[in-house]
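Quick notes on the structure that follows.
In the working numbering, the protein residues as written are 256 to 700.
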C-alpha cells in the first residue's frame with residue numbers, strides 16, 4: 256500500500272470522502288457473503304475501546320491505523336501505535352517461521368494463489384468498500400494475517416502444554432490474552448472460509464492429531480461446548496454460535512418486545528425464587544413453579560468486550576434473531592442496583608470477578624445503550640414472571656415468609672408463638688366447654 260497517498264487522503268479537509276478511502280459503504284453489498292461490519296457509531300460512542308484492537312490489526316477495516324502508527328514511530332509514549340508497528344513486524348517473522356514448519360516458500364506461494372482466486376469473495380465479506388487497497392497489497396494483508404492467526408494458535412497450543420517458546424506474544428501472558436481479545440473484535444476479522452481454504456489441506460503436516468477447526472475451538476476455550484455442525488462465519492460469529500445454540504429455534508415465531516419486568520430484588524421480595532443453571536455459555540432462561548432459572552454468567556475483565564462485539568454483530572447481521580441482545584436486555588431489566596447484583600451472586604447466577612457489585616450493575620446497564628430490538632426471545636418469560644409477581648396470593652405468602660420466617664431464629668420464634676397461641680386457644684375452648692357443661696341442668700341431674 257502507498258502509505259503516503261493514504262496519508263494525504265486521511266488528511267483531506269473535504270467533507271466528502273473520496274471514493275477510494277477507508278469507511279465508505281458498499282451499496283448494495285453482497286447479501287450472501289457479507290458478514291464483517293463496521294460497528295455503528297451509536298454503539299461505538301458508548302465504549303470505543305471495546306471495539307478497537309489493542310495490539311494486533313487483522314483484516315482491512317483497521318488497516319489505515321497502520322499509517323497513523325507509522326507517523327508516530329519513535330514516539331515511545333504512544334504505546335498503542337508502537338504495539339501495532341511491532342505486531343506488523345511480528346507477522347513477517349511468523350510467516351517465515353511457518354514456512355519452516357512446512358516446505359518453505361512453495362506452500363506460501365500456494366497460499367497467495369488461493370487468496371487471489373478468492374479475493375472477490377473475501378472483499379465481499381466486508382460491508383465497507385476495500386477498493387482503496389490495491390489487489391497485490393490486499394493479497395499480502397490476507398496472507399500475513401491468516402498465517403499470523405494460525406502460527407499464533409499453534410504456539411498458544413504449545414504454551415497450554417507449559418512449553419516455553421521464546422516468543423514474547425506467547426510467553427508474556429498479558430500480550431497473549433490481549434491478542435486473543437483482539438481476535439474476537441467484529442471489525443478485526445477475516446472470513447472463516449479463507450482460513451479453512453488455506454489451512455485445511457495442509458493442516459495434518461503441522462498438527463497431525465487435530466483439525467484446524469478443532470485447534471480454533473480449543474484455543475478459544477470452546478472445546479465440548481459447540482456443536483460439530485456449527486456454521487460460523489468468523490471468530491465473533493463463533494462466540495455467538497456458542498451461546499445461541501442453547502436456545503430452541505421457535506418455528507415461525509414473531510418475537511414481542513419486552514416492555515417491562517421487575518428487578519431481581521423486587522421479584523425476590525414478591526415470592527420469585529432464583530436458581531442457576533450449570534451451562535455458563537447457555538442463554539436458556541426458564542420460569543417454572545415460581546422459580547426463575549438462568550445460566551451462570553461469569554463477569555470478568557473481557558466480558559463486556561465480548562458481549563459488545565457479539566451484540567454489534569447481531570445488530571448488523573442478525574437483527575431479527577438478536578438473541579444475545581435479548582438476553583442482555585432481560586438481564587438489564589433484572590439488574591438496577593447493587594442489591595440486584597448481590598442477590599444474583601448469592602443465588603449463583605452471577606460470578607463477579609471484576610470487583611464491586613456496582614461495577615457489574617453499571618456494566619450491564621450500559622450494554623444496552625444504542626441497541627435496537629426488533630423483539631425479545633424472552634418476552635413470554637417476562638410476562639409469566641410479572642404475572643407471578645403481581646398475584647396477590649403469591650405476594651402475601653412471600654411477605655409472610657420474609658417477615659416471620661426470614662431466618663432460623665425468627666422462624667423458630669414464630670413457630671413457638673403459634674404453638675403457644677394454639678395451646679392457649681385450646682385451653683380456653685376447653686375451659687368454656689367445661690363451664691357450659693357445669694351449668695347445664697340436664698347434665699347435672
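For each residue, glycine too, the CB sits at the ideal point set by N, CA and C.
Buried/exposed call for residue 401, threshold 16 Cβ in 10 Å: Mapped onto the chain shown, residue 401 falls at position 146. Burial call: buried.
N-terminal and C-terminal residue of the alpha helix (DSSP H) that residue 618 is part of: Here residue 618 corresponds to residue number 363 of the chain shown, with the count starting at 1. 612-622 is the span of the alpha helix (DSSP H), which, as asked, contains residue 618.
Residue closest to residue 560, alpha-carbon to alpha-carbon, out of 297, 308 and 277: For the purposes of this step, residue 560 is taken as residue 305 along the chain shown, with counting starting at 1. The option with the nearest alpha carbon to residue 560 is 308.
Helix, strand or coil at residue 498 according to DSSP, with G and I counted as helix: If you number the chain shown from 1, residue 498 lands on position 243. Note: residue 498 maps to helix in three-state DSSP.
Three-state secondary structure (DSSP) of residue 271: To locate residue 271, count along the chain shown from 1; it is residue 16. At residue 271, the pLDDT of 45 sits below 50, so the modelled position is not reliable; the number obtained from the coordinates is stated separately. Residue state, collapsed to three classes: coil.
Euclidean distance between Cα positions of residue 383 and residue 521: The residue you call residue 383 lines up with position 128 of the chain shown. The residue you call residue 521 lines up with position 266 of the chain shown. Approximately 46 Å between the Cα atoms of the pair.
Proximity winner among 424, 487 and 434, relative to residue 450 (alpha-carbon distances): Within the chain shown, the letter at position 195 stands for residue 450. Checked all of 424, 487 and 434; the closest Cα to residue 450 is 487.
Environment of residue 653 [buried if 16+ CB atoms lie within 10 Å]: Stepping through the chain shown from its first residue, residue 653 is reached at position 398. With a pLDDT of 48 at residue 653, under the threshold of 50, the modelled position of that residue is not reliable, and the figure given next carries that caveat. By the 10 Å Cβ count, residue 653 comes out buried.
Delimiting residues of the beta strand (DSSP E) encompassing residue 547: As a working note, residue 547 is residue 292 in the chain shown. Residue 547 -> beta strand (DSSP E) spans 546-550.
Limits of the beta strand (DSSP E) - the one that residue 567 falls within: The sequence position of residue 567 within the chain shown is 312, counting from 1. Counting along the chain, residue 567 falls outside any beta strand (DSSP E), though it belongs to the alpha helix (DSSP H) covering 558-572.
Contact under 8 Å by Cβ, residue 604 with residue 549: As a position in the chain shown, residue 604 is number 349, starting the count at 1. As a position in the chain shown, residue 549 is number 294, starting the count at 1. Yes, they are a contact pair.
Opposing strand residues paired with residue 607 [DSSP bridges]: In the chain shown, counting from the first residue as 1, residue 607 sits at position 352. Beta-bridge pairing links residue 607 to 554.
Member of 637, 403 and 413 whose CA lies at the smallest distance from the CA of residue 587: The residue labelled residue 587 in the question sits at position 332 within the chain shown. Closest option to residue 587, Cα to Cα, is 637.
Selection from 625, 632, 642 and 648 that minimises the alpha carbon distance to residue 294: In the chain shown, residue 294 corresponds to position 39, counting from 1. Comparing Cα positions, the closest option is 625.
Span of the alpha helix (DSSP H) around residue 521: Your numbering for residue 521 matches position 266 in the chain shown. Start and end: 519-524.
Nearest-angstrom Cα separation, counted from residue 372 out to residue 491: Locating residue 491 in the chain shown gives position 236, where the first residue counts as 1. Locating residue 372 in the chain shown gives position 117, where the first residue counts as 1. So the alpha carbons of these two residues sit roughly 25 Å apart.
DSSP-derived helix/strand/coil call for residue 528: Counted from its first residue, the chain shown places residue 528 at position 273. Here residue 528 sits in strand by DSSP.
Length at least 4, wholly inside the segment 299-328: the alpha helix (DSSP H) runs in chain order: 319-326
Span separating the alpha-carbon of residue 572 from that of residue 623: By one-based count along the chain shown, residue 572 stands at place 317. By one-based count along the chain shown, residue 623 stands at place 368. Each residue's alpha carbon lies about 17 Å from the other.
Beta-ladder partner(s) of residue 542, from DSSP: Indexing the chain shown from 1 puts residue 542 at position 287. Answer is 547, bridged to residue 542.
Strand pairing of residue 601, partner residues [DSSP]: One-based indexing of the chain shown puts residue 601 at position 346. In DSSP, residue 601 forms no bridge with anything.
Buried or exposed (CB count within 10 angstroms, at least 16 for buried), residue 546: Here residue 546 refers to the residue found at position 291 when the chain shown is read from its first residue. Classification for residue 546: exposed.
Best match in 533, 407, 570 and 569 for proximity to residue 553 [C-alpha to C-alpha]: On the chain shown, position 298 is the one that residue 553 refers to. Of 533, 407, 570 and 569, the residue nearest in Cα terms is 533.
Within 8 Å, strictly: CB atoms of residue 362 and residue 315: Locating residue 362 in the chain shown gives position 107, counting from the first residue. Locating residue 315 in the chain shown gives position 60, counting from the first residue. Taking 8 Å as the Cβ cut-off, residue 362 and residue 315 do not qualify as a contacting pair.
Residue 438 versus residue 519: straight-line alpha-carbon distance, rounded: The residue given as residue 438 occupies position 183 in the chain shown. The residue given as residue 519 occupies position 264 in the chain shown. Taking the straight line from one Cα to the other gives about 34 Å.
Per-residue DSSP class, three states only, for residue 653: Mapped onto the chain shown, residue 653 falls at position 398. Reliability fails at residue 653, whose pLDDT of 48 lies under 50, so the model's placement of it is uncertain and the value that follows must be treated cautiously. In this structure, residue 653 counts as helix in the three-state DSSP scheme.
DSSP three-state assignment for residue 442, whether helix, strand or coil: Within the chain shown, residue 442 is the residue found at index 187, counting from 1. Correct three-state label for residue 442: helix.
Local conformation of residue 291 per DSSP, three classes: Taking the first residue of the chain shown as position 1, residue 291 is located at position 36. Here residue 291 sits in strand by DSSP.
Among 593, 355 and 577, nearest to residue 628 - alpha-carbon criterion: Looking up residue 628 in the chain shown gives position 373. Here the closest residue by C-alpha is 577.
Span separating the alpha-carbon of residue 590 from that of residue 684: Taking the chain shown and counting its residues from 1, one reaches residue 590 at position 335. Taking the chain shown and counting its residues from 1, one reaches residue 684 at position 429. Straight-line Cα distance between these residues: approximately 52 Å.
Beta carbon of residue 497 nearer than 8 Å to that of residue 539: If you number the chain shown from 1, residue 497 lands on position 242. If you number the chain shown from 1, residue 539 lands on position 284. No; because the gap between Cβ atoms is not below 8 Å, this pair is not in contact.
The segment 474-487 in contact with the segment 327-347 per 3-pair CB rule at 8 Å: no
6 Å CB neighbourhood of residue 433 in its chain, flanking five on each side removed: Here the question's residue 433 lines up with position 178 in the chain shown. Result list for residue 433: 309 and 310, in chain order.
Whole-angstrom C-beta distance between residue 529 and residue 602, which should lie under 8 Å: Working through the chain shown from its first residue, we reach residue 602 at position 347. Working through the chain shown from its first residue, we reach residue 529 at position 274. Correct: roughly 4 Å between the Cβ atoms.
Through-space distance from residue 440 to residue 477, alpha-carbon basis: To locate residue 477, count along the chain shown from 1; it is residue 222. To locate residue 440, count along the chain shown from 1; it is residue 185. Roughly 17 Å between the two C-alpha positions.
C-alpha distance - residue 357 paired with residue 464, whole-angstrom precision: Position 102 of the chain shown, counted from the first residue, corresponds to residue 357. Position 209 of the chain shown, counted from the first residue, corresponds to residue 464. Rounded to the nearest angstrom, the two C-alpha atoms are 16 Å apart.
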